[in-house]
Structure formats: structure tokens, C-alpha cells
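**Student:**
Numbering (our numbering), first residue to last: 18 to 168.
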């Protein structure tokens, strides 16, 4: 286990590990997108997925409102994408959430890249560092989801 995987596995997840069926549905959408060498928006990723967390609505279904994202919605998807990236990194050394983008910006959120800096995966938030890292991750993810192999 490398240092990045150790850091990822030490994270206390607020939501993600409490609803594995939702995680699997999100992973399937990411994998399907990667298999087609594509990217998926945050809204398309979560559309029509019911989340069940014991600490939200007493476990009753919670659906992210894709046209009115709240702070809670952003926390949920951030936590879930972090968890999914932990799983993909553990299995194949890439961040699956690199395939999930903000539709208007056509790239992952700034929070994703700040998280990568906090994990010491990228040195800073300069455009060169961000783009180099992101393109590497997208290439690794596409290769993994299409061919089932690490590059």
C-alpha cells in the first residue's frame, strides 16, 4: 500500500460508506462513461439516484435536486466521489472521479483539485499542474474502464 492509498483509506467518510447500493450505481455510471472514453457531468451522474443515509431523512430516500444544488447535495456527492476514487485508486491507481465534470467548465470542480493538493498528489493548483494531473487520470480511467488494464 502506497502513501496515497494509506491517506485515502484513513479518511472517515460522512455518507458514502453508508449507502453502498448508491455508490455502486454511481460507479456503474462512471465506468460506463469511461468505457466510451467520455466524461460525465455531476448532474448526469446523480440524476434519479435515491440515496439512503441514516443521518438524512431518517434513512428515507434522498434525491439530489440537480437544478438546485444545496450545500448538503455538494457534500454528499463530494464524499461519494472521494470514496469511489479511494476504491479505484486501491484497485488500479487512478481517481475515478476525474471523469466527473462541471458541465459549464468541462472539468472537475476546484474542490477535486484542492483535495488532490491536500493528498500531496499534485504540488499546487497551477494550471499546468492541474491539467497534467487531470489528463493523466482521465487517460488511466479510460484505459481501465475500456480494457480492464492499468497503464
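The C-beta atom is built at its ideal place from N, Cα and C for all residues, glycine as well.
Just so it is clear, the structure is predicted and the values come from calculations on it, not from any experiment.
Please work out which residues of its chain come closer than 6 Å, Cβ to Cβ, to residue 163, disregarding the five sequence neighbours upstream and downstream, and give them in chain order.
**Tutor:** Counting only Cβ-Cβ distances below 6 Å, and skipping sequence neighbours, we find 52.
**Student:** Suppose you measure from the CA of residue 142 to the CA of residue 75; what does that come to, to the nearest Å?
**Tutor:** Distance between the alpha carbons of residue 142 and residue 75 is about 39 Å.
**Student:** How is the alpha helix (DSSP H) around residue 38 delimited, first residue to last?
**Tutor:** Per DSSP, residue 38 belongs to the alpha helix (DSSP H) from 37-52.
**Student:** How would you call residue 112, buried or exposed, if buried means at least 16 neighbouring beta carbons within 10 angstroms?
**Tutor:** Result: buried.
**Student:** Would you mind sorting residue 59 into buried or exposed? The rule is 16 or more other CB atoms within 10 Å of its CB.
**Tutor:** Buried, by the Cβ-count rule.
**Student:** Does the segment 147-161 come within contact of the segment 106-126, defined as at least 3 CB pairs closer than 8 Å?
**Tutor:** Yes, the segment 147-161 is in contact with the segment 106-126.
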